[in-house]
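Asker:
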Amino acid sequence: MLNLLKNILKNIASYIPLDYFIRASYYPLFKKDFAKSLKVPTFKNREELWDYTIKNYINSKTPITYVEFGVWKGESIKYFASENKNTNSIFIGLDSFEGLPEDWGISMKKGTFNTDGNVPKVNDERIKFVKGWFQVSWDKANLLISDNLESQLFVHYDADIYSSTLFALTKMDSFHKHYYAIFDEFFGEEATALYAYLKSYDAKVEFIAKTDHEGLPNQLLCKIIPKVSELKGYK
Numbered sequence: 030m031l032n033l034l035k036n037i038l039k040n041i042a043s044y045i046p047l048d049y050f051i052r053a054s055y056y057p058l059f060k061k062d063f064a065k066s067l068k069v070p071t072f073k074n075r076e077e078l079w080d081y082t083i084k085n086y087i088n089s090k091t092p093i094t095y096v097e098f099g100v101w102k103g104e105s106i107k108y109f110a111s112e113n114k115n116t117n118s119i120f121i122g123l124d125s126f127e128g129l130p131e132d133w134g135i136s137m138k139k140g141t142f143n144t145d146g147n148v149p150k151v152n153d154e155r156i157k158f159v160k161g162w163f164q165v166s167w168d169k170a171n172l173l174i175s176d177n178l179e180s181q182l183f184v185h186y187d188a189d190i191y192s193s194t195l196f197a198l199t200k201m202d203s204f205h206k207h208y209y210a211i212f213d214e215f216f217g218e219e220a221t222a223l224y225a226y227l228k229s230y231d232a233k234v235e236f237i238a239k240t241d242h243e244g245l246p247n248q249l250l251c252k253i254i255p256k257v258s259e260l261k262g263y264k
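For any residue, its number in this note's numbering is found by taking its place in the sequence shown, counting from 1, and adding 29.
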């Protein structure tokens, strides 16, 4: 009887798209591993979360190296740059400007957020855009970040999809430096990417604040602590 039931469930499962299984896994992730993220202070929208971050976790009197994965029209990178007037700060935005490299969820198709390759117009020389797919353009971004590692490091993860977010997390780990970060679409693929990164690299995360979407974190502010930074006493 048990074997029959297993076979029935296997047959049913074979007709369900894999994406549905992946999306279902988000809920137990927040039930157990990321349960603390549900208990942090909650803000009404991402602008309020940004202001809270800038006021409490980004020192405007010292230079900052701000790295953004996923720029689109540049709203967030412009916002953070406008609130940090330090002339030695640098704001680095990585994006292909060709849209999503693959489908994201059910409704967001490959190519969504395409700007026809056009980077946002800015009048702040501290803002640098690195155009191209992350894995192709990373060497250039790596040089920009490495040259400014003495500054406070802050990362804005807005790549949306699992593969791109995981790539970004692993590359930032290579700098062996504690840093604060915001995930812009945390519930979903960005959360599973963070989980995979933490497990693979034995890193730690401290949840700080969030916005809410149906009881789960939408945007999330946190501190990421790479393992090597702990071992070597880096900050």
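Quick reminder that beta carbons are idealized off the backbone N, C-alpha and C, glycines included.
Does DSSP put residue 246 in a helix, in a strand, or in coil?
Answerer: strand
Asker: When you compare each of 188, 214 and 61 to residue 241 by their alpha carbons, which one comes out closest?
Answerer: Minimum Cα distance to residue 241 is reached at 214.
Asker: Are the CB atoms of residue 180 and residue 71 within a distance shorter than 8 Å?
Answerer: When the beta-carbon positions are compared, residue 71 and residue 180 stay at least 8 Å from each other.
Asker: Taking only three categories from DSSP, how would you classify residue 252?
Answerer: strand
Asker: Since residue 97 and residue 121 are thought to touch, with beta carbons under 8 Å apart, how far apart are those beta carbons, to the nearest angstrom?
Answerer: 7 Å
Asker: On a CA-only basis, which of 211, 229 and 216 is nearest residue 67? Give me that one, please.
Answerer: 216
Asker: I'd like the list of long-range same chain contacts for residue 63, defined as Cβ closer than 7 Å, with 5 residues on each side in sequence excluded.
Answerer: For residue 63, where only same-chain residues beyond five positions count, the Cβ hits under 7 Å are 220.
Asker: Measure the alpha-carbon distance for residue 224 versus residue 246 and round it to whole angstroms.
Answerer: 15 Å
Asker: Just verifying my parser: in three-state terms, what is the DSSP assignment at residue 127?
Answerer: strand
Asker: Am I right that residue 126 and residue 160 are in contact with their C-beta atoms under 8 Å? What's the rounded C-beta distance?
Answerer: 6 Å
Asker: Measure the C-alpha to C-alpha separation of residue 19 and residue 174 and round it to an integer number of angstroms.
Answerer: The requested residue 19 does not occur in the structure, where the chain is confined to residues 30 to 264.
Asker: Do residue 189 and residue 99 have their CB atoms nearer than 8 Å?
Answerer: yes
Asker: Look at the Cβ atom of residue 186, then the Cβ atom of residue 194, and state whether they are nearer than 8 Å.
Answerer: yes
Asker: Report yes if the C-beta distance between residue 204 and residue 178 is below 8 Å; otherwise report no.
Answerer: yes
Asker: In whole angstroms, what is the alpha-carbon distance linking residue 253 and residue 233?
Answerer: 6 Å
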